[in-house]
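Residue numbers (this note's numbering), protein chains in the order written: chain U, 283 to 377; chain Y, 5 to 181. Beta carbons: idealized from backbone N, C-alpha and C, even for Gly. The structure appears right after this line, and notes come after that.
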Amino acid sequence: MRADEWKGGNATVNTTPPTAKYCRRYAAGDILVKDNSKQVTWNAAASFYGVGITAQTGWNTRGRLQVIMGSGGGNICGTGGHATTSSAYQLVVKP
Amino acid sequence: MNRAAERVVAVPVVLAALLGLAACSVSDDGPLVGPRVEPGEVRVCSQAGHEGLKYFSEPLVSTDDRSVQVTGVEGPVQGDAVISDYVAADVEDVGAVPASWWWPGEVGATETMAVMVSADDAEIPAGATALLVIEVDPGTVGAEAELDGTTVRYEVGGETYVEHVGVVYALVSGDAC
Numbered sequence: 283m284r285a286d287e288w289k290g291g292n293a294t295v296n297t298t299p300p301t302a303k304y305c306r307r308y309a310a311g312d313i314l315v316k317d318n319s320k321q322v323t324w325n326a327a328a329s330f331y332g333v334g335i336t337a338q339t340g341w342n343t344r345g346r347l348q349v350i351m352g353s354g355g356g357n358i359c360g361t362g363g364h365a366t367t368s369s370a371y372q373l374v375v376k377p
Numbered sequence: 005m006n007r008a009a010e011r012v013v014a015v016p017v018v019l020a021a022l023l024g025l026a027a028c029s030v031s032d033d034g035p036l037v038g039p040r041v042e043p044g045e046v047r048v049c050s051q052a053g054h055e056g057l058k059y060f061s062e063p064l065v066s067t068d069d070r071s072v073q074v075t076g077v078e079g080p081v082q083g084d085a086v087i088s089d090y091v092a093a094d095v096e097d098v099g100a101v102p103a104s105w106w107w108p109g110e111v112g113a114t115e116t117m118a119v120m121v122s123a124d125d126a127e128i129p130a131g132a133t134a135l136l137v138i139e140v141d142p143g144t145v146g147a148e149a150e151l152d153g154t155t156v157r158y159e160v161g162g163e164t165y166v167e168h169v170g171v172v173y174a175l176v177s178g179d180a181c
């Protein structure tokens, strides 16, 4: 995941992964990319194994989210729909 | 040809063209709902280099109280891969079916593969969630391939619709997706 703009500052926040029930399993080495997501605002958009990557605003319509599955693969879950859909909203990666 | 004669010819031609466009226009806002993302906005890549066939699957939700008759799937392919399209018409638990898998070699998709039929003639029951299944035969082990979006053509109650699935499916080497 790479930011396209640096807001400055430094903050540490505790986050709880959102409830994401629309899960699908991806194989080891699979890559999911959501790019220029016109229908998604990346606010607290991604959590990986319970660790929030960004809990602040700053991801915008130019954002690019890339998930690369490690060995064994895993589930990518959306809060509003499956990960590939426009209604996924927030994504959570689970083992 | 004088101007009056030109008008006499031009008006029917324009009308015919408009009528033709109306007859050919097919709604892309029908009751079969896929990911509904912009073309190329979402990419799913798997690693090339395995033997066998690669499958990608995408949920399609029927929101109509009538059955949906899928009549075909098409999309542009890059590479030498052979693409085949299938539909698993009624999947109770989409989350139990992997988003992608190799066959043979991975578990979890056996039930789906047992019930999927050619996308050229698949009937989705009213209100069911189906899976569009894309089969990629890379031909050569390690070959890369890309399916740059697909269009599902279907009929409901005598009306024809299309559903554009903008997700790109690809076989890649490394993390370049």
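By the Cβ-count criterion, GLU96(Y) is exposed, with fewer than 16 other Cβ atoms from all chains shown falling within 10 Å of its own Cβ. In the structure shown, GLY362(U) adopts coil according to DSSP, grouped into three states.
At a Cβ-Cβ threshold of 8 Å, LEU175(Y) and ALA149(Y) count as neighbours. Where THR133(Y) is concerned, the enclosing beta strand (DSSP E) starts and stops at 133-141. Secondary structure at GLY99(Y): helix, using DSSP grouped into helix, strand and coil. At least one CB of chain Y lies nearer than 8 Å to the CB of TYR308(U).
The beta carbon of VAL72(Y) sits closer than 6 Å to the beta carbons of LEU36, SER66, ILE128, TYR158, VAL160 from its chain, once the five residues preceding and following it are set aside; these are given in chain order.
By the CB criterion at 8 Å, ILE313(U) and CYS181(Y) fall inside the cutoff.
For GLY311(U), the neighbours in chain Y by C-beta distance under 8 Å run, in chain order, SER50, GLN51. Excluding its 5 nearest sequence neighbours in each direction, VAL46(Y) has C-beta neighbours in its own chain below 6 Å: VAL171, listed in chain order. Annotation: GLY356(U) to ALA293(U) spans about 29 Å, alpha carbon to alpha carbon. Per DSSP, the beta bridge partners of ASN357(U) are ARG307(U), LYS376(U). A Cβ of chain U is located within less than 8 Å of the beta carbon of ASP179(Y). Uninterrupted beta strand (DSSP E) stretches at least 3 residues long and entirely within the segment 26-65 of chain Y occur at 46-51, given in chain order. By the Cβ criterion, the segment 135-148 of chain Y is in contact with the segment 84-103 of chain Y, since at least three pairs of Cβ atoms, one from each stretch, lie closer than 8 Å.
Interface flag for PRO35(Y) against chain U is unset, since no Cβ pair is found closer than 8 Å. Contact annotation for LYS376(U) against chain Y: no contact, minimum CB-CB distance about 11 Å [criterion: below 7 Å]. Residue burial annotation: PRO39(Y) is buried, with at least 16 other C-beta atoms found within 10 angstroms of its C-beta. Chain-order list of chain U residues neighbouring VAL171(Y): THR366, by C-beta distance under 8 Å. Residues of the segment 102-134 of chain Y with a C-beta less than 9 Å from any C-beta of chain U: PRO102, ALA103, SER104, TRP105, TRP106, GLU110, GLY112, listed in chain order.
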